[in-house]
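**Student:**
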Amino acid sequence: MTYKKEIIDCLKDMKTISKNNTEIVVKAKFGPSKNIRIPLILDEQLACFIAAIIEDGHLQKEKFQIILDGFDKELIEKFRIICINIFNKEFNINQWIENKKNRYRLTIDSKAIHTIIKNIFEIPTGKKSNIVKIPEFIKDSNKRIKSAFIIGIMVTEGGRRMRGFGLSTSSKQLWEDLIQLFNDIGIEVKKDKWIYKKYNKEYYGISFKKENIHIINKKCKNKEVKNILLECKNFKEGYIS
């Protein structure tokens, strides 16, 4: 089944307000709800957003709510704008103190968005850090989409690593998928793994040369997604003028 058909089928329990070749607008059949636009074409902004949810997001079990939070206010705000672009709906950011630092949370209340993230993009509800993987629709996409997904992963979880840039994860499947995804866009990564003694748990890492950040950014064509990477302080030193 194609991406478009799977999205439409996934939302069959919602009330359809309108539909064309590029998007479907739905709302809940019962109770108070607002219209939500769901794209029928997988683009770079959606791929970047999905990556951020995989790394720093959380799907609630008890209700149709998605949470994305972190300490970087500007980054969370950029993802809020991307969500508006994708879903044509405003979402709020809340702030609180954690370990004497300001933490920011983007909260998305939507049955439609929760449904596609869980069922189309294969992100489980509840705790997920050691079982997440790259969705099949991302793995089967073009280099622009793959690069946008990598950007979403890197700005939420990545940073300096082994004289270059990289990240670590407790999910072996995500590790293997990322190695292949980087390879698909022409970037060779170094691989490592180790046992975190405190939790007696295996972790997996990747790293790559700093200048490869420029390659990732070049292959992504969407301005909003490119700016997320360009303005991320963790990676600025890797750009080639």
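Numbering (the working numbering), first residue to last: 1 to 241.
Here a beta-carbon is modelled for each residue, glycine too, at the ideal position from N, C-alpha and C.
Keep in mind that this is a model prediction, so the values were computed, not measured.
1. Report yes or no: do three or more beta-carbon pairs, one from the stretch 211-225 and one from the stretch 41-56, lie closer than 8 Å?
2. Might you give, ordered along the chain, the residues of its own chain that have their beta carbon closer than 8 Å to the beta carbon of Met1, omitting 5 neighbours on each side?
3. Among Lys201, Ile195, Ser207, which residue has its Cα nearest to the Cα of Glu188?
4. So, are the CB atoms of Arg80 and Ile93 less than 7 Å apart?
5. For Ile108 versus Phe91, is the C-beta spacing smaller than 7 Å?
6. Over what stretch of residues does the beta strand (DSSP E) that includes Gly159 continue unbroken?
7. To the nearest angstrom, how far is the alpha carbon of Ile123 from that of Phe64?
8. Whose C-beta lies closer than 6 Å to the C-beta of Phe87 among residues of the same chain, with five residues either side of it excluded?
9. Mark Ile213 as exposed unless 16 or more other C-beta atoms lie within 10 angstroms of its C-beta, in which case mark it buried.
10. Tell me where the beta strand (DSSP E) around Lys198 begins and ends.
11. Under three-state DSSP, which class holds Phe247?
12. How should Lys5 be labelled, buried or exposed, when 16 other C-beta atoms within 10 angstroms of its C-beta is the threshold for buried?
13. Which value, in whole angstroms, describes the spacing of the CA atoms of Gly198 and Leu40?
14. Could you work out which residue in Asp13, Ile97, Lys100, Lys226 is closest to Thr115 when comparing CA atoms only?
**Tutor:** Quick look at the numbers:
1. yes
2. Asp9
3. Ser207
4. yes
5. yes
6. 159-161
7. 13 Å
8. Ile36, Arg37
9. buried
10. Here Lys198 belongs to no beta strand (DSSP E), and DSSP marks it neither H nor E.
11. Residue 247 lies beyond the stretch modelled for the chain, which goes from 1 to 241, so this question has no answer here.
12. exposed
13. According to the sequence displayed, residue 198 carries Lys and not Gly. Whole-angstrom Cα-Cα distance: 44 Å.
14. Of Asp13, Ile97, Lys100, Lys226, the residue nearest in Cα terms is Asp13.
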